[in-house]
Amino acid sequence: MKKPCLLFLLLVITGGLAAQRPVSLSIRDTAGPIISRNIYGHFSEDLGRCIYDGFWTGDHIRMDVVAALKKIKVPVLRWPGGCYADQYHWRDAIGPRKDRKRTVNVEWGMVPEDNSFGTHEFLELCGLLGCQPYIAGNVGSGTPEEMENWLEYLNYNGKSTLTDLRKQNGRERPWNVSFWGVGNESWGCGGSMTPEFYSDQFRRYSEFCKDYPGAPLKLIASGPNSNDYNWTEVLMKHIPLGHTWGLSMHYYTIAGDWNHKGSATQFDEDTYFKAMKACLKMDEIVSQHAAIMDKYDPRKRVGLVVDEWGIWTDVEPGTNPSFLYQQNSLRDALIAGTTLNIFNNHADRVKMAALAQTINVLQSLILTDKDKMLLTPTYYIFDMYKVHQDAQSLVIQLASPDYVYEGQRIPEVNASASRDSSGVVHISLVNLDPSKPITIRAGLSGIAYTNVGGQILTAGKFNDVNTFDQPDKVKPAVFKGAHKDGDDLVVELPAESVVVLELK
Ligand code: AHR
C-alpha cells in the first residue's frame with residue numbers, strides 16, 4: 005500500500021560515453037492525481053476497414069481482435085465517428101440485418117454501407133471487451149429528437165414503443181450508456197460551426213439528453229481543433245459546465261503538411277525528428293487548454309478529453325486514399341509512449357483520451373488481412389503502459405538533455421510514473437534519440453523495493469514495422485538494463501526505446 009512518508013526520487017541522467025549531460029528527474033508520490041484508466045481509450049469509426057474487416061467480418065465480431073484488445077484492458081471505445089458520427093442515423097442500423105437501410109458512406113470514400121454493424125453490434129463488442137461505450141451523437145445532420153430517441157432506446161428501462169422495439173431486436177435490458185458526445189469536430193466536418201453557434205447547439209441538444217434512471221449521462225462537448233484556444237475559451241464561457249463532463253480536443257501528429265504527410269515506412273531522420281517535435285507539441289496544447297479551463301472551472305470538474313490523437317501519415321501505396329490505412333513503425337510506438345507520458349503527467353485535467361483508430365486506420369493497434377491479424381508496435385506500448393491505469397500519478401520534474409538534429413533540439417527523454425493500488429511503482433521512460441543511449445542514475449529516497457524489472461520496446465531501425473510475413477519483428481522484451489547500485493537505481497536506456505520499469 006501507499007507509504008505515508010514522502011517518497012522522493014532524484015534521477016541523474018548522463019549520456020553514455022559522451023560528455024556528461026546531467027539531467028535531473030524528481031518524482032514524488034504526494035498528491036498526484038489518479039491516472040484515469042480512460043486515458044487509455046480507443047476510437048473506432050465507420051471508416052475504411054476499421055469496423056468492416058477489423059472488428060466485424062461476415063456476420064460476427066472477430067474474436068481474435070477481441071482477445072488481443074482484452075489483454076491490453078481497453079477501458080473505453082468511441083464510435084461511430086469521427087466525421088461519420090454527424091452523418092449517422094442510428095435507426096438505419098437496427099433490426100434484422102437483411103432489412104437494414106443501404107446507405108453510402110459519403111464521408112469516407114463514397115462506399116456502400118449495409119449497416120450490418122450498428123448499435124446492438126457495437127454494444128455487444130463493448131460487452132465482449134469489458135469496456136465502456138462512448139457514443140458520439142449526430143448534431144451536424146441530425147435533430148435533438150433523433151438524439152433523444154436514441155438515448156431512450158439505449159437507456160430506458162420502462163415500457164415504451166422504443167423499448168419494445170429494442171426488445172424485439174433482441175435486447176431486453178437497457179445498456180446504460182453514459183459517455184455521450186454531443187457531435188464531433190463541430191468546427192469542421194461536424195457542421196462548420198463557430199464556437200458561439202456550437203455553444204448554443206450544445207445547450208439546445210443537451211437539454212434533450214436525459215438521464216434515465218440508473219443511467220446518468222456524462223456529456224462531452226465537441227471541443228477545439230488542436231491549438232484553437234478561442235474555441236475552448238468561448239465554450240467554457242457559454243456552455244453549462246454543471247451539465248458537461250468533458251470537452252474534447254483533437255490533435256494529430258503530422259511530420260509533413262496536410263497534403264504531404266509522409267510515408268509510414270519510408271522516412272529518414274529528418275522526417276523522424278519532425279514527427280517527434282510535432283508529437284511533443286501535445287504537451288503545450290494540453291497545458292494551454294487546461295489553463296483556459298482552469299479559469300472557468302478551477303475545481304476541474306470538466307475533463308479534457310483528447311478523443312482523437314496519433315500519427316497521421318500518407319496511406320500505404322495501392323490502398324484507397326479515403327480508407328486511411330497506414331503501417332505502424334517503432335517511431336509510432338515512441339510517439340504513443342511519449343503521448344501517454346504527457347497524458348499521465350496531466351492526469352488532473354485529462355480524464356479521457358482515444359487513440360485513432362484501433363484497427364486498420366491511422367495509428368492502429370491491430371492490422372488485419374482477411375482472417376490474419378498482427379499486433380503493431382503501438383499495441384505493445386498500450387500493453388506495457390496498462391499498469392498506469394487507475395494508478396496514482398507521481399508528480400515528476402524532469403530536465404532532459406536535448407536530442408539535437410541539424411541545430412534543432414527536442415528533449416531526449418520523457419517520463420511518467422505512478423504507484424498502483426498494491427504499492428508497486430512503475431516508471432515509463434522514452435528515449436527519442438535514434439542513436440544515443442543514455443544512462444540514468446537515480447537516487448531514490450523513501451522508496452523501499454528489492455526488485456527492479458521491466459520491459460523494453462525497441463528495434464534495429466526507427467522505421468521497422470511488423471508485417472504479415474514478419475509479425476514479431478518489433479515486440480517487447482524483458483528489460484535487463486536496470487539495477488540497484490547501493491541506494492541508486494541505474495538505468496541504461498538504449499537509443500530509440502520505451503522502457504517501463506516495475507519497482508517492488
Ligand atoms: O480520424 C479520422 C478523422 O479525423 C475523424 O473522422 C475526424 O474526427 C478527424 O478529423
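The opening position of the sequence shown corresponds to residue 5 in the working numbering, with each subsequent residue numbered one higher. The beta-carbon is built from N, C-alpha and C at its ideal position, and this holds for glycine as well.
Within 10 angstroms of the Cβ of residue i, are there 16 or more other Cβ atoms? Answer buried if so, exposed if not.
{"i": "L21", "result": "For L21, the predicted model reports a pLDDT of 40, less than 50, meaning its position is unreliable and no value from the coordinates is stated."}
{"i": "K7", "result": "Model confidence at K7 stands at a pLDDT of 36, short of 50, so the residue's coordinates are unreliable; what they give is reported in the following sentence. So K7 counts as exposed."}
{"i": "D103", "result": "exposed"}
{"i": "F347", "result": "buried"}
{"i": "S40", "result": "buried"}
{"i": "N188", "result": "buried"}
{"i": "K265", "result": "buried"}
{"i": "R106", "result": "exposed"}
{"i": "R208", "result": "exposed"}
{"i": "N3", "result": "Summary: the structure shown does not reach residue 3, with the chain confined to residues 5 through 508, and so no result is reported for it."}
{"i": "M556", "result": "There is simply no residue 556 to check, as the chain begins at 5 and stops at 508 in what is shown."}
{"i": "Q91", "result": "buried"}
{"i": "Q24", "result": "Annotation note: pLDDT 44 at Q24 (below 50); position unreliable, no value reported."}
{"i": "M5", "result": "With a pLDDT of 33 at M5, under the threshold of 50, the modelled position of that residue is not reliable, and the figure given next carries that caveat. With fewer than 16 other Cβ atoms within 10 Å, it is exposed."}
{"i": "D491", "result": "exposed"}
{"i": "A421", "result": "buried"}
{"i": "E312", "result": "buried"}
{"i": "R79", "result": "Note that residue 79 is Pro in the sequence shown, not Arg. By the neighbour-count rule (16 or more Cβ atoms within 10 Å), P79 is buried."}
{"i": "G509", "result": "Outside the displayed span of the chain (5 to 508) sits residue 509, for which this structure offers no information."}
Are the Cβ atoms of residue i and residue j separated by less than 7 Å?
{"i": "L239", "j": "W184", "result": "no"}
{"i": "D352", "j": "K304", "result": "yes"}
{"i": "M280", "j": "L436", "result": "yes"}
{"i": "N467", "j": "T323", "result": "no"}
{"i": "N182", "j": "I224", "result": "The sequence shown places Ser at residue 182, rather than the Asn named in the question. In this structure, I224 does not lie closer than 7 Å to S182 by Cβ."}
{"i": "Q361", "j": "C54", "result": "yes"}
{"i": "F277", "j": "Y409", "result": "yes"}
{"i": "P441", "j": "P498", "result": "yes"}
{"i": "A358", "j": "G45", "result": "yes"}
{"i": "F47", "j": "R82", "result": "yes"}
{"i": "L334", "j": "V108", "result": "no"}
{"i": "D373", "j": "F472", "result": "yes"}
{"i": "I289", "j": "E237", "result": "no"}
{"i": "V399", "j": "I444", "result": "no"}
{"i": "G250", "j": "G194", "result": "no"}
{"i": "P178", "j": "Y160", "result": "yes"}
{"i": "F327", "j": "G141", "result": "no"}
{"i": "V469", "j": "Q331", "result": "yes"}
{"i": "A446", "j": "L493", "result": "yes"}
{"i": "I139", "j": "S203", "result": "no"}
{"i": "E500", "j": "P405", "result": "no"}
{"i": "D301", "j": "L245", "result": "yes"}
{"i": "G99", "j": "N173", "result": "yes"}
{"i": "K74", "j": "L133", "result": "yes"}
{"i": "D336", "j": "S267", "result": "no"}
Going by DSSP, which residues form a beta bridge with residue i?
{"i": "H392", "result": "For H392, which the question treats as bridged, DSSP gives no partner whatsoever."}
{"i": "D373", "result": "K376"}
{"i": "N418", "result": "V434"}
{"i": "F183", "result": "Y138, K222"}
{"i": "D489", "result": "D492"}
{"i": "E506", "result": "H430, G457"}
{"i": "F47", "result": "R82, A360"}
{"i": "P116", "result": "V108"}
{"i": "N229", "result": "H254"}
{"i": "G314", "result": "Y256"}
{"i": "R423", "result": "Q396, V429"}
{"i": "Q412", "result": "Y409"}
{"i": "V264", "result": "The sequence as given places His at residue 264; Val does not occur at that position. DSSP output for H264 lists D261 as bridge partner(s)."}
{"i": "I38", "result": "Q396"}
{"i": "Y329", "result": "Looking at the DSSP assignment, Y329 forms no beta bridge with any residue, so it has no partner."}
{"i": "G122", "result": "G122 is not bridged to any residue."}
{"i": "H64", "result": "T61"}
Is any non-hydrogen atom of ligand 2 found closer than 6 Å to the C-beta of residue i, if you look at the structure I gave you?
{"i": "N188", "result": "This structure lacks ligand 2; its bound ligands are ligand 1."}
Using a C-beta cutoff of 7 Å, does residue i count as contacting chain D?
{"i": "N161", "result": "The structure shown has no chain D; it contains just one protein chain."}
Inter-stretch contact at 8 Å, needing at least 3 Cβ pairs: the region 356–369 / the region 57–76:
yes
Quick check: the region 329–346 against the region 379–389, are at least 3 beta-carbon pairs closer than 8 Å?
yes
If you pair each beta-carbon of the region 190–206 with each one of the region 257–266, do three or more pairs fall below 8 Å?
no
Cβ contact check for the region 487–504 and the region 431–445: 3 or more pairs under 8 Å
yes
Does the count of Cβ pairs from the region 442–456 and the region 485–503 closer than 8 Å reach three?
yes
Quick check: the region 80–89 against the region 105–122, are at least 3 beta-carbon pairs closer than 8 Å?
yes
For the region 93–102 and the region 305–320, state whether three or more C-beta atom pairs, one from each stretch, are separated by less than 8 Å.
no
Can you confirm whether the region 393–402 touches the region 468–484 when touching is taken to mean that 3 or more C-beta pairs between the two stretches lie within less than 8 Å?
Put simply, the region 468–484 does not touch the region 393–402. Fewer than three CB pairs are less than 8 Å apart.
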